[in-house]
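Asker: Counting in my numbering, the sequence shown runs from 5 upward without gaps.
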Amino acid sequence: RWTKAWLGRLSTARGVAEVRLQSHSVRLTLATPLQSRVGALRANAFLPTNVRYAGPPHDCHLVSDGGLAPEALNEAVRDFRMGARKTRPRARPWNSTSAESTAEHEELIDSVAASESGVDVVPRSPGWELGVRVRGVRTALRLSPEPGGLRVHRTVIAATSLDGGELSTEPVWDAALRLNARMKAARFALHAHGLAVEARLSDRLLDLPRLIESAHAVAVICRELEPVLELLTRDQGVSLCYARVFHSNHQENRA
Numbered sequence: 005r006w007t008k009a010w011l012g013r014l015s016t017a018r019g020v021a022e023v024r025l026q027s028h029s030v031r032l033t034l035a036t037p038l039q040s041r042v043g044a045l046r047a048n049a050f051l052p053t054n055v056r057y058a059g060p061p062h063d064c065h066l067v068s069d070g071g072l073a074p075e076a077l078n079e080a081v082r083d084f085r086m087g088a089r090k091t092r093p094r095a096r097p098w099n100s101t102s103a104e105s106t107a108e109h110e111e112l113i114d115s116v117a118a119s120e121s122g123v124d125v126v127p128r129s130p131g132w133e134l135g136v137r138v139r140g141v142r143t144a145l146r147l148s149p150e151p152g153g154l155r156v157h158r159t160v161i162a163a164t165s166l167d168g169g170e171l172s173t174e175p176v177w178d179a180a181l182r183l184n185a186r187m188k189a190a191r192f193a194l195h196a197h198g199l200a201v202e203a204r205l206s207d208r209l210l211d212l213p214r215l216i217e218s219a220h221a222v223a224v225i226c227r228e229l230e231p232v233l234e235l236l237t238r239d240q241g242v243s244l245c246y247a248r249v250f251h252s253n254h255q256e257n258r259a
């Protein structure tokens, strides 16, 4: 139901979501109570396409972005409503599922390799490695086949670096969720092997431009934000400063 030319309301299983038209896309948002930052990041990896938890705990939303073309908008609404039914924190992180690539996937990858997009392709079973150059530096991404689509992803913080306790990890979870609100073609999600930037691509709308756009988005986000998030895990002083600024109930603030 459109309330203005650029603003509408959408019924979902979890309540009424906002539909907001932007210059080149449409954004759907649904207020969602956040009980656990780490659980929300785990859940992101299970949600369809790039539906994701985003924002700080006091203002957390389920967010999704779609195209303005009728087919793309219909698919975005469909996936968003499907995601709304699955919104719950996860106790265990996502692990890669084994799936065979389809003939359509193989044809698409051949098109990427033959294109002038600047993305190179290396077979890495299961799936492929995509090499995307950001400011002249090659960033390696994994492209994994899944039931119903493909997932482009890269780990920015390994799981072994995320066992330093709440002081070093909570700022990372918080920063990743806040940044998710500013992304469109990718999201932060927690995998078994660590915190990753990823884009899930459904076979229903999978084509060469979308795959290349998603690969570039993941590569740029990784190149820009990986050093920042790593600093939160390495430097206790930086983590403490972050907690003091953003976590009003942190013990340092209470003291």
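C-beta: ideal position from N, C-alpha, C; glycine also.
#1: Taking only the alpha-carbon atoms, compute the straight-line gap between Ala163 and Ala21 and give it to the nearest angstrom.
#2: Within 10 Å of its beta-carbon, does Glu174 have 16 or more other beta-carbons around it, so buried, or fewer, so exposed?
#3: Kindly indicate the opening and closing residues of the beta strand (DSSP E) around Glu22.
#4: Write down the C-beta distance between Asn184 and Val30 rounded to the nearest angstrom, noting that I regard them as a contact closer than 8 Å.
#5: In this structure, does DSSP put Ser68 in helix, strand or coil?
#6: Between Pro127, Gly59, Leu32, which has its C-alpha nearest Ala88's C-alpha?
#7: How would you write the range of the alpha helix (DSSP H) that His109 sits in, first residue to last?
#8: Can you give the beta carbon distance from Trp132 to Val126, rounded, assuming they're within the 8 Å contact cut?
#9: Which first and last residues belong to the beta strand (DSSP E) in which Ala203 is found?
#10: For Arg85 and Pro231, what's the separation of their Cα atoms in angstroms?
#11: Given a threshold of 16 other Cβ atoms within 10 Å of its Cβ, counted over all protein chains shown, does Leu11 qualify as buried or as exposed?
#12: Assign Asp239 to one of three DSSP states: helix, strand, or coil.
#13: Going by other Cβ atoms of all chains shown within 10 Å of its Cβ, with 16 needed for buried, is His62 buried or exposed?
#14: Please find out if some non-hydrogen atom of the ligand HEM comes closer than 7 Å to the beta-carbon of Pro74.
#15: When you compare the segment 205 to 212 with the segment 146 to 156, are there three or more beta-carbon pairs, one atom per stretch, that lie closer than 8 Å?
#16: Hey, would you say Arg18 sits closer than 8 Å to Leu34, going by beta carbons?
#17: Using three-state DSSP, classify His220 as helix, strand or coil.
#18: Please classify Glu228: does DSSP put it in a helix, a strand, or coil?
#19: In angstroms with no decimal places, state the Cα-to-Cα distance between Lys188 and Pro74.
#20: Output needed for Thr101: all residues of its chain with C-beta closer than 8 Å, excluding positions within five of it in sequence on either side, in chain order.
#21: By DSSP, does Trp10 sit in helix, in strand, or in coil?
#22: Measuring straight from C-alpha to C-alpha, what distance separates Asp124 and Glu111?
Answerer: With the structure as the only source:
#1: If you take the alpha carbons of Ala163 and Ala21, they lie about 34 Å apart.
#2: Buried.
#3: Counting along the chain, the beta strand (DSSP E) containing Glu22 begins and ends at 19 to 25.
#4: 17 Å between Cβ atoms; not a contact.
#5: Here Ser68 carries a strand assignment [DSSP, helix/strand/coil].
#6: Per the Cα distances, Leu32.
#7: First-last of the alpha helix (DSSP H) with His109: 107 to 118.
#8: The pair is a contact, with the Cβ atoms about 6 Å apart (cut-off 8 Å).
#9: Bounds of the beta strand (DSSP E) holding Ala203 are 198 to 206.
#10: Near 34 Å, if we compare the C-alpha coordinates of Pro231 and Arg85.
#11: Exposed, because fewer than 16 other Cβ atoms sit within 10 Å of the Cβ of Leu11.
#12: Annotated three-state conformation of Asp239 is coil, per DSSP.
#13: With fewer than 16 neighbouring CB atoms inside 10 Å of its own CB, His62 falls in the exposed class.
#14: This structure lacks the ligand HEM; in fact it carries no ligand of any kind.
#15: Yes: at least three Cβ pairs fall under 8 Å.
#16: Against a cut-off of 8 Å, the Cβ pair of Leu34 and Arg18 comes out as a contact.
#17: Helix.
#18: Three-state result, Glu228: helix.
#19: Spanning the two alpha carbons is a distance of roughly 18 Å.
#20: Result list for Thr101: Glu150, Pro151, in chain order.
#21: In the structure shown, Trp10 sits in coil (DSSP, three-state: anything other than H, G, I, E or B).
#22: When only Cα atoms are considered, Asp124 and Glu111 end up about 15 Å apart.
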